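Enquirer:
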């Protein structure tokens with residue numbers, strides 16, 4: 005058993021990164037996630053593991069520092085929040101196009117524009133659907149506890165390197181700021197130069213020895229036929245992710261006639277709504293997507309024969325609901341509920357929506 | 150005497166740089182980029198740094214620099230090369246890292262990345278090609294375009310009141326404590342090439358000593374963008390660019406040249 009600590013979600017990401025042997029963190033302060041870089045600079049990871057931490061002059065610089073270090077096969081982490089992630093999008097598109105592994109945490113706040121510093125889930129589109137230009141996908145993990153904030157750093161790097169693809173940890177100001185018990189894993193050392201050579205030597209730009217061709221990191225293919233081929237290659241990779249990386253969790257679905265679908269903090273709230281509903285004799289279950297891309301479409305479709313209706317719960321005006329509807333192929337009614345703009349819905353509000361919009365609807 | 154008697158190793162006075170690939174350069178005939186590429190690669194070769202060097206290509210005419218330089222290279226988003234180089238150098242402090250950027254990339258869209266990489270004193274080398282115009286996109290006004298100079302977006306000449314002043318970014322970054330060696334050179338004559346090579350070599354040598362950021366501007370022509378034949382474009386450069394962008398060292402050993 006690892007070390008038990010009481011931590012904020014943002015701090016858990018930072019500490020987990022040091023322990024996971026992450027090589028570098030580049031970031032720019034923005035509420036509600038500044039504790040990530042504050043924790044890292046205070047902890048002096050350069051002394052603990054040799055991890056580099058640097059505060060960039062902007063989000064544009066930060067994501068391009070990530071691009072540079074990731075080009076050399078290093079494990080690179082960054083974090084930001086919604087307006088900052090909007091600025092990251094150019095770099096994320098380049099990272100996806102050049103097929104570089106990295107982990108990006110988005111501690112979402114309310115928008116649009118400068119919005120609010122309160123929690124929100126209105127970045128589903130910009131995180132799960134791409135956000136930057138071109139046909140690309142981010143493996144998107146949605147933690148719903150401080151424990152998962154820590155665990156998904158390691159998992160994120162595992163799948164980022166498996167696919168040479170950026171991974172987004174899509175969380176929000178509630179999980180980032182709340183404190184919970186977290187079990188921290190024992191530290192693992194950072195990769196040695198030899199391990200980097202072994203793992204990423206075929207593509208990483210670490211200097212060209214005489215015995216191999218030069219490695220080039222680029223997303224530029226001026227010949228459209230080659231660009232199309234590159235896109236086919238990326239799409240094949242995304243299909244493999246859809247086949248192998250779907251993660252989700254279900255609660256009380258065995259006899260459920262109704263279903264709530266919710267991720268992250270909304271899933272935590274929906275768990276309480278579920279308890280309240282069951283106490284009233286309502287046969288409702290909960291499906292919590294852990295990966296938002298790839299979305300757990302098949303598990304959801306498999307539940308459809310027993311369902312009379314689905315409530316898609318998210319702190320937005322309705323973004324994930326599009327994936328829920330696509331998953332169930334219009335075979336069962338799907339209705340959205342959620343507060344937004346920085347307001348967190350209560351379990352009672354969710355229950356009320358379930359009763360009025362689904363059961364009575 | 151037969152030509153075969155002349156082609157002998159002992160008569161060899163010049164050969165193609167090993168670290169340039171055999172790919173055909175995508176630059177216009179008469180452009181300075183090819184020469185600038187060559188001397189950078191000669192230096193990397195002469196210093197025995199090929200296996201230790203990572204180059205960063207910009208967006209602009211030299212976006213395909215990685216097709217010509219036979220080293221590991223990363224293609225950066227427009228203006229972000231100094232940030233990309235920072236990411237590489239911070240995680241591999243023993244590697245030699247350089248960016249190769251044009252004036253639109255470095256002095257317009259990438260101004261923040263340029264200034265802050267210089268100000269942090271990143272131990273990288275920046276090679277800055279200044280031809281006063283956006284070449285790749287077809288000759289638009291650049292931050293470095295001279296007063297009165299005609300481009301496709303200043304067709305009546307650059308009007309300082311409307312379009313602002315040409316930016317001497319090199320003098321600007323020389324003021325920052327993080328820069329250790331700053332120089333402005335050219336590659337239009339053999340003598341200029343020798344001087345430029347000396348300056349760029351010095352920049353790479355200083356990088357090996359981790360003394361701070363080294364920055365070499367190369368004032369170059371853009372005969373296509375300037376709509377002049379190559380020789381005339383070089384004359385125009387000497388008569389118009391050099392008086393404004395004066396050649397020579399600007400900062401040496403961390404001290405501004407008086």
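Protein chains in written order, with our numbering: chain A, 5 to 365; chain B, 150 to 407.
Backbone N, C-alpha and C define an ideal beta-carbon position, used for all residues, glycine too.
For clarity, every value in this text was computed on a predicted model and none was experimentally measured.
#1: Are the CB atoms of residue 124 (chain A) and residue 144 (chain A) within a distance shorter than 8 Å?
#2: With a CB to CB cut of under 6 Å and the five nearest residues on each side skipped, what residues in its chain are close to residue 167 (chain B)?
#3: To the nearest angstrom, how far is the alpha carbon of residue 393 (chain B) from that of residue 207 (chain A)?
#4: Residue 396 (chain B) and residue 333 (chain B) look like a contact to me (Cβ under 8 Å); what is the Cβ gap, rounded to whole Å?
#5: Given that a residue counts as buried once 16 or more other Cβ atoms are within 10 Å of its Cβ, and exposed if not, what is residue 210 (chain B)?
#6: Which same chain residues end up closer than 8 Å to residue 188 (chain B) when comparing Cβ atoms and leaving out the 5 residues on each side of it in sequence?
#7: Cα separation between residue 229 (chain B) and residue 289 (chain A)?
#8: Any idea if residue 52 (chain A) is buried or exposed, counting beta-carbon neighbours within 10 angstroms, 16 or more meaning buried?
#9: Measuring straight from C-alpha to C-alpha, what distance separates residue 84 (chain A) and residue 121 (chain A)?
#10: Spell out the partners DSSP gives residue 341 (chain A) in its beta bridges.
#11: Look at residue 310 (chain A) and residue 260 (chain A) and say whether their C-beta atoms are less than 8 Å apart.
#12: By the three-class DSSP mapping on this structure, what secondary structure does residue 83 (chain A) have?
#13: In whole angstroms, give me the CA-to-CA distance for residue 355 (chain A) and residue 158 (chain A).
#14: Which chain A residues sit within Cβ distance under 7 Å of residue 357 (chain B)?
#15: Establish whether the CB of residue 222 (chain B) and some CB of chain C are separated by less than 8 Å.
#16: Kindly indicate which residue of B:196, B:169, B:198 has the alpha-carbon position closest to the one of residue 184 (chain B).
#17: Taking residue 372 (chain B) as the query, report the chain A residues whose CB atoms sit under 7 Å from its CB, ordered along the chain.
#18: What beta strand (DSSP E) runs, 3 residues minimum, are completely inside the region 336 to 389 of chain B?
#19: With a floor of 4 residues, list each alpha helix (DSSP H) that falls wholly inside the region 214 to 291 of chain A, ordered by position along the chain.
#20: To the nearest angstrom, report how far apart residue 296 (chain B) and residue 303 (chain B) are at their CA atoms.
#21: Who are the near neighbours of residue 289 (chain B) in its chain, counting only those whose CB is closer than 6 Å to its CB and skipping five residues on each side?
#22: Using 10 angstroms around the beta-carbon of residue 383 (chain B), count the other beta-carbons present and answer buried if the total reaches 16, otherwise exposed.
#23: Below 8 Å CB to CB, which residues in the same chain sit around residue 6 (chain A) once its five sequence neighbours on both sides are set aside?
#24: Considering only residues of the same chain and omitting the five flanking positions on each side of residue 80 (chain A), which have a CB-CB separation below 6 Å?
#25: By how many angstroms is the C-alpha of residue 162 (chain A) removed from the C-alpha of residue 300 (chain A)?
#26: Listed in chain order, which residues of the region 251 to 265 of chain B have Cβ atoms closer than 7 Å to some Cβ of chain A?
#27: Count the other CB atoms within 10 Å of the CB of residue 129 (chain A); is the residue buried (16 or more) or exposed (fewer)?
#28: Would you call residue 230 (chain A) buried or exposed, if buried means 16 or more other Cβ atoms sit within 10 Å of its Cβ?
#29: Taking all protein chains shown into account, do 16 or more other C-beta atoms lie within 10 angstroms of the C-beta of residue 371 (chain B), making it buried, or fewer, making it exposed?
#30: Could you please give the first and the last residue of the uninterrupted alpha helix (DSSP H) stretch that includes residue 247 (chain B)?
#31: With a Cβ-Cβ cutoff of 8 Å, do residue 346 (chain A) and residue 320 (chain A) count as a contact?
#32: When we look at the beta-carbon of residue 78 (chain A) and count the other beta-carbons within 10 Å, is it buried (16 or more) or exposed?
#33: In the DSSP assignment, find the alpha helix (DSSP H) that holds residue 319 (chain B) and state where it starts and stops.
#34: Per DSSP, what kind of secondary structure is residue 173 (chain B) in: helix, strand or coil?
#35: Nearest to residue 313 (chain B) by alpha carbon, out of B:323, B:294, B:330?
#36: How far does the beta strand (DSSP E) with residue 146 (chain A) in it reach, from first residue to last?
Expert: Here's the rundown:
#1: For this step, residue 144 (chain A) is matched to residue 140 along the first chain. For this step, residue 124 (chain A) is matched to residue 120 along the first chain. It is not a contact, given that the beta carbons lie outside the stated cut-off.
#2: What you label residue 167 (chain B) is simply residue 18 of the second chain in a count that begins at 1. For residue 167 (chain B), where only same-chain residues beyond five positions count, the Cβ hits under 6 Å are 194.
#3: The residue given as residue 393 (chain B) occupies position 244 in the second chain. The residue given as residue 207 (chain A) occupies position 203 in the first chain. Roughly 43 Å between the two C-alpha positions.
#4: Position 247 of the second chain, counted from the start, is the residue given in the question as residue 396 (chain B). Position 184 of the second chain, counted from the start, is the residue given in the question as residue 333 (chain B). Indeed they touch by this definition, with Cβ atoms about 5 Å apart.
#5: Locating residue 210 (chain B) in the second chain gives position 61, counting from the first residue. Result: buried.
#6: Within the second chain, numbered from 1, the residue matching residue 188 (chain B) stands at position 39. So the qualifying residues of the chain are 336, 342, 345, 346, 349.
#7: By one-based count along the second chain, residue 229 (chain B) stands at place 80. By one-based count along the first chain, residue 289 (chain A) stands at place 285. Using only the alpha carbons, I get a separation of about 48 Å.
#8: Residue mapping note: residue 52 (chain A) aligns to position 48 of the first chain, counting from 1. Classification of residue 52 (chain A): exposed, given that the 10 Å Cβ count is below 16.
#9: As a position in the first chain, residue 84 (chain A) is number 80, starting the count at 1. As a position in the first chain, residue 121 (chain A) is number 117, starting the count at 1. C-alpha separation (whole angstroms): 12 Å.
#10: Along the first chain, read from residue 1 onward, the residue named residue 341 (chain A) stands at position 337. Residue 341 (chain A) pairs with A:317.
#11: As a working note, residue 310 (chain A) is residue 306 in the first chain. As a working note, residue 260 (chain A) is residue 256 in the first chain. In this structure, residue 260 (chain A) lies closer than 8 Å to residue 310 (chain A) by Cβ.
#12: Counting from one through the first chain, the residue named residue 83 (chain A) turns up at place 79. Residue state, collapsed to three classes: strand.
#13: For the purposes of this step, residue 355 (chain A) is taken as the residue at position 351 of the first chain. For the purposes of this step, residue 158 (chain A) is taken as the residue at position 154 of the first chain. Whole-angstrom Cα-Cα distance: 35 Å.
#14: Taking the second chain and counting its residues from 1, one reaches residue 357 (chain B) at position 208. The contacting residues do not exist; residue 357 (chain B) stays about 14 Å from chain A at best.
#15: Of the protein chains in this structure, namely A and B, none is chain C.
#16: In the second chain, residue 184 (chain B) corresponds to position 35, counting from 1. Cα-wise, what sits closest to residue 184 (chain B) is B:169.
#17: Taking the first residue of the second chain as position 1, residue 372 (chain B) is located at position 223. Within 7 Å Cβ-Cβ: nothing; residue 372 (chain B) doesn't reach chain A, min ~22 Å.
#18: 362 to 368
#19: 228 to 248, 268 to 283
#20: By one-based count along the second chain, residue 296 (chain B) stands at place 147. By one-based count along the second chain, residue 303 (chain B) stands at place 154. So the two alpha carbons sit approximately 10 Å from each other.
#21: By one-based count along the second chain, residue 289 (chain B) stands at place 140. Taken in chain order, the residues that qualify are 283, 300, 301, 302.
#22: Here residue 383 (chain B) is taken as the residue at index 234 of the second chain, counted from 1. It is buried - the Cβ of residue 383 (chain B) has at least 16 other Cβ atoms within 10 Å.
#23: Here the question's residue 6 (chain A) lines up with position 2 in the first chain. Within the same chain, Cβ atoms closer than 8 Å to the Cβ of residue 6 (chain A) are found at 187, 188, 189, 190, the five residues on either side in sequence being excluded.
#24: Stepping through the first chain from its first residue, residue 80 (chain A) is reached at position 76. Excluding positions up to five away in sequence, the list reads 28, 70, 73, 74, 106.
#25: For the purposes of this step, residue 300 (chain A) is identified with residue 296 of the first chain, where counting begins at 1. For the purposes of this step, residue 162 (chain A) is identified with residue 158 of the first chain, where counting begins at 1. Going by the C-alpha atoms only, they are around 20 Å apart.
#26: 261, 262, 265
#27: Counting from 1 along the first chain, the entry for residue 129 (chain A) is found at position 125. It is exposed - the Cβ of residue 129 (chain A) has fewer than 16 other Cβ atoms within 10 Å.
#28: By 1-based counting over the first chain, the position of residue 230 (chain A) is 226. Result: exposed.
#29: The count along the second chain starts at 1 and reaches residue 371 (chain B) at position 222. With 16 or more other Cβ atoms within 10 Å, it is buried.
#30: The residue given as residue 247 (chain B) occupies position 98 in the second chain. Run containing residue 247 (chain B): none in the alpha helix (DSSP H); it sits in the beta strand (DSSP E), 245 to 251.
#31: Counted from its first residue, the first chain places residue 346 (chain A) at position 342. Counted from its first residue, the first chain places residue 320 (chain A) at position 316. No, Cβ-Cβ distance for residue 346 (chain A) and residue 320 (chain A) is not below 8 Å.
#32: Here residue 78 (chain A) refers to the residue found at position 74 of the first chain. The residue in question, residue 78 (chain A), is buried, as its Cβ has 16 or more Cβ neighbours within 10 Å.
#33: Your numbering for residue 319 (chain B) matches position 170 in the second chain. That run of the alpha helix (DSSP H) goes 318 to 323.
#34: For the purposes of this step, residue 173 (chain B) is taken as residue 24 along the second chain, with counting starting at 1. Correct three-state label for residue 173 (chain B): coil.
#35: Within the second chain, the letter at position 164 stands for residue 313 (chain B). When each option's Cα is compared against that of residue 313 (chain B), the closest is B:294.
#36: Along the first chain, one-based indexing puts residue 146 (chain A) at 142. No beta strand (DSSP E) holds residue 146 (chain A); DSSP gives it neither H nor E.
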